[in-house]
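In what follows, a structure is listed as structure tokens, so that the remarks can point back to it.
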Amino acid sequence: WNSSLDSLLVFAGLFAGILTAFLIESRRSLSEDPQETLLREILGAIRNIPVSSNNEQFQPNSSAIHVNALWFSSLALTLISALGGVLAKGWLAKYNPASLRERSSDACERHLRAIRARQWQLEPLITGIPLLIQISLFLFFAGLVIQLLDDDIRIWVTVVILMGSTILMYIVGTLLP
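So that you can map any letter, position 1 of the sequence shown is 1 in full-length UniProt numbering, and since no number is skipped, the others follow by simple counting.
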């Protein structure tokens, strides 16, 4: 578990960084651009059109809301799985194999920790951490598909084919073994 948690933590860190870059850009679509508002007001002043105090409230389009919801959820799950991985590594550091310990008091402590681990169902929790990362990745994929649909249909088709192939390989790889 220890080495698999190491690679999971590295992936979670890299993925969180990538997600953050996407979120910085996509979050702008949730609020009105102040430069655009200023330009609209300047244009109205040049044309002698009175600026009404009854301006329409900015409403982000639904795809921007969906994309940001998916990507923020993906980031949250990634960070939750990283936290779970760090906690699991801390627990595993205290539960060293018998070859690394010599005293009998250590054996008793290890035995008590093993009993507690079974009581708290730690094995399913630790093995479930990669599932959170996988769900996070699929949430990111879903947001990317929605984002690209608004941008360009040709790019969207290419990415959907690649993601569909990836999802198919994931399903086959999960069900076959």
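A virtual CB, placed ideally from N, CA and C, is assigned to each residue, including glycine.
- Assigned with DSSP and collapsed to three states, Ile115 falls in helix.
- In this structure, Ala142 is the residue among Ala142, Ile161, Ser165, Thr166 with its C-alpha nearest to the C-alpha of Ala64.
- With a threshold of 16 other beta carbon atoms within 10 Å, Phe15 meets it and is buried.
- Residue range 2 to 27 is occupied by the alpha helix (DSSP H) that includes Ser7.
- Note that the C-beta distance between Ile129 and Ala76 is not below 8 Å.
- If you check the CB distance, Leu132 and Ser73 do not come in under 8 Å.
- With a 10 Å radius around the Cβ and a threshold of 16 neighbouring Cβ atoms, Val67 comes out buried.
- For Gln147, the three-state secondary structure derived from DSSP is helix.
- Taking 8 Å as the cut-off, the beta carbon of Gly85 is found closer than this to the beta carbon of Leu9.
- The beta carbon of Asn2 is closer than 6 Å to those of Leu92 in its chain, skipping five residues each way along the sequence.
- Shown here, Pro124 sits in a helix according to DSSP, grouped into three states.
- A straight-line Cα-Cα distance of about 19 Å links Ile24 and Glu36.
- By the beta-carbon neighbour count (other beta carbons within 10 angstroms, threshold 16), Thr78 is buried.
- In the structure shown, Ile49 falls within a coil segment according to DSSP collapsed to helix, strand and coil.
- Its chain contains Leu148, Leu149 as the residues whose beta carbon lies nearer than 6 Å to that of Trp156, once the 5 sequence neighbours on both sides are disregarded; these appear in chain order.
- Contact between Glu109 and Ala117 fails: their C-beta atoms lie close to 12 Å from each other, not under 8 Å.
- Pairing Pro60 with Ser29 gives a Cβ-Cβ distance under 8 Å.
- For the 8 Å CB-CB criterion, Val145 and Met169 do not form a contact.
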